[in-house]
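Asker:
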Amino acid sequence: MEEIVKIDSIAQYNAMRGVPTKHPLVTAIDQSKAKPLPARSFNFGLYAVGLKELNQGQLRYGRKHYDYQEGSLIFIAPGQVVGVEPSVDLFAPKGWVLLFHPDLINGTSLGKHIQEYSFFSYDVHEALHLSDKEKGIVIDCFSKIEYELDQNIDKHSKRLIASNIELLLNYCIRFYDRQFITRDTANKGILERFEYILKGYFSSDKPQNEGLPSVAYCAEALHLSPNYFGDLVKKETGRSAQEYIQSKVIEMAKERVFDLNKSVSEIAYELGFKYPQHFIRLFKQKTGVTPNAYRMMN
Numbered sequence: 006m007e008e009i010v011k012i013d014s015i016a017q018y019n020a021m022r023g024v025p026t027k028h029p030l031v032t033a034i035d036q037s038k039a040k041p042l043p044a045r046s047f048n049f050g051l052y053a054v055g056l057k058e059l060n061q062g063q064l065r066y067g068r069k070h071y072d073y074q075e076g077s078l079i080f081i082a083p084g085q086v087v088g089v090e091p092s093v094d095l096f097a098p099k100g101w102v103l104l105f106h107p108d109l110i111n112g113t114s115l116g117k118h119i120q121e122y123s124f125f126s127y128d129v130h131e132a133l134h135l136s137d138k139e140k141g142i143v144i145d146c147f148s149k150i151e152y153e154l155d156q157n158i159d160k161h162s163k164r165l166i167a168s169n170i171e172l173l174l175n176y177c178i179r180f181y182d183r184q185f186i187t188r189d190t191a192n193k194g195i196l197e198r199f200e201y202i203l204k205g206y207f208s209s210d211k212p213q214n215e216g217l218p219s220v221a222y223c224a225e226a227l228h229l230s231p232n233y234f235g236d237l238v239k240k241e242t243g244r245s246a247q248e249y250i251q252s253k254v255i256e257m258a259k260e261r262v263f264d265l266n267k268s269v270s271e272i273a274y275e276l277g278f279k280y281p282q283h284f285i286r287l288f289k290q291k292t293g294v295t296p297n298a299y300r301m302m303n
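In the numbering used here, the protein residues as written are 6 to 303.
Below, the structure is given as structure tokens:
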């Protein structure tokens, strides 16, 4: 069985890369000045942001492979596993890598909002691909963090470093918004497939056996991470993926309510609701009337 190296501290990672530890909770490394990573799998107990500048080397994220292309950013959250292919003796990318311990951001603005940076939960094949201008901004952010790490640690260090990391991540939100727009055609295809998956789900016996379709189920069927899928649907439709699914449930319900041979409870169970009252509540919330009232009106 493949050995997985656990990386729980900045000092441990810096030692592996042959660079000094300037701060116990954060490091920013120009990778051209560091030792290459060995071909192993790593379980990170840290947050990491990596920028690749030269097109060489392949990473493995979980069981998936990713061609880590030039000018792309990947994001790793604590608990995630990233590997370098065993066939590659040394992985020596040019670019930057930022790692920070969760303790660094405790009590900071970034700590309060870290869950909002949903791209830390994206799959690696959903990386951020940067334009030259965007890459320049990202490198400038890395450089500012490195500059602050070169100063003596004082009472201002934590706030200034965390603020610069937050600035970098806020730029990444903007750049991901741009990426969703520039890949609009591909996104439309995903929404069409999403519709197809929902129709197939409700025309099968899955609702009775498995309940209502979840965001995670739809994302997996589309080979996307739940967070990336949810963000994509929100950007394209203005609604969350859960709201989108609920709207489809109500569309199906409106059709089935006209079958007078079935009770509202039967329709609720057919659609995947565990309790009819939950169906009635959602139907009234979305249409303004109960299923029975809708039946009478039409």
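Just so it is clear, CB atoms sit at the ideal spot from N, CA and C, and this is done for glycine as well.
1. Enumerate, from N- to C-terminal direction, the unbroken alpha helix (DSSP H) stretches of 4 or more residues contained entirely within the segment 173-198.
2. Just to confirm, are F284 and A273 a CB contact at a threshold of 8 Å?
3. Tell me whether P43 sits in a helix, a strand or coil according to DSSP, three-state version.
4. Using 8 Å as the cut-off, can you tell me whether the segment 244-254 makes contact with the segment 217-226, which would need three or more C-beta pairs spanning the two stretches below that distance?
5. If we call anything under 8 Å between Cβ atoms a contact, is W101 one with D155?
6. Can you name, in chain order, every residue of its own chain whose Cβ lies under 7 Å from the Cβ of D13, other than the five neighbours on each side?
7. Roughly how many whole angstroms lie between the Cα atoms of S219 and P281?
8. Compare the beta carbon distance of I170 and F105 with 8 Å and say whether it is the shorter of the two.
9. Round the Cβ separation of S148 and K99 to the nearest angstrom and send it over; I've been treating them as touching at under 8 Å.
10. Can you list, in chain order, the residues of its chain whose CB lies under 8 Å from that of M6, leaving out five sequence neighbours each side?
11. How far does the alpha helix (DSSP H) with G235 in it reach, from first residue to last?
12. Would you kindly work out how many angstroms separate the C-alpha atoms of V54 and R45, rounded to a whole number?
13. Suppose you measure from the CA of S136 to the CA of L196; what does that come to, to the nearest Å?
14. By the 10 Å Cβ neighbour count, where 16 or more other Cβ atoms means buried, how is V87 classified, buried or exposed?
Answerer: With the given structure in hand:
1. none
2. The residue labelled residue 284 in the question sits at position 279 within the sequence shown. The residue labelled residue 273 in the question sits at position 268 within the sequence shown. Cβ distance < 8 Å, so F284 and A273 count as in contact.
3. Within the sequence shown, numbered from 1, the residue matching residue 43 stands at position 38. Reduced to three states, the DSSP call for P43 is strand.
4. yes
5. As a working mapping, residue 101 is identified with position 96 in the sequence shown. As a working mapping, residue 155 is identified with position 150 in the sequence shown. No.
6. Position 8 of the sequence shown, counted from the first residue, corresponds to residue 13. Excluding positions up to five away in sequence, the list reads G50.
7. Here residue 219 refers to the residue found at position 214 when the sequence shown is read from its first residue. Here residue 281 refers to the residue found at position 276 when the sequence shown is read from its first residue. Those two C-alpha atoms are separated by around 18 Å.
8. By 1-based counting over the sequence shown, the position of residue 170 is 165. By 1-based counting over the sequence shown, the position of residue 105 is 100. Yes; because the gap between Cβ atoms is below 8 Å, this pair is in contact.
9. Against the sequence shown, residue 148 aligns to sequence position 143. Against the sequence shown, residue 99 aligns to sequence position 94. No, S148 and K99 are not in contact; Cβ-Cβ is about 15 Å, not under 8 Å.
10. In the sequence shown, the residue the question calls residue 6 occupies position 1. Because the pLDDT at M6 is just 48, under 50, the model does not fix this residue reliably, and the point stays unresolved.
11. Position 230 of the sequence shown, counted from the start, is the residue given in the question as residue 235. Taken as a continuous stretch (DSSP letters only), the alpha helix (DSSP H) holding G235 covers 231-242.
12. Numbered from 1 along the sequence shown, position 49 holds the residue referred to as residue 54. Numbered from 1 along the sequence shown, position 40 holds the residue referred to as residue 45. V54 and R45: Cα-Cα distance of roughly 18 Å.
13. Translated into the one-based positions of the sequence shown, residue 136 becomes position 131. Translated into the one-based positions of the sequence shown, residue 196 becomes position 191. Looking at the two C-alpha atoms, the distance is approximately 26 Å.
14. As a first step, residue 87 must be located in the sequence shown, where it is residue number 82. V87 comes out buried.
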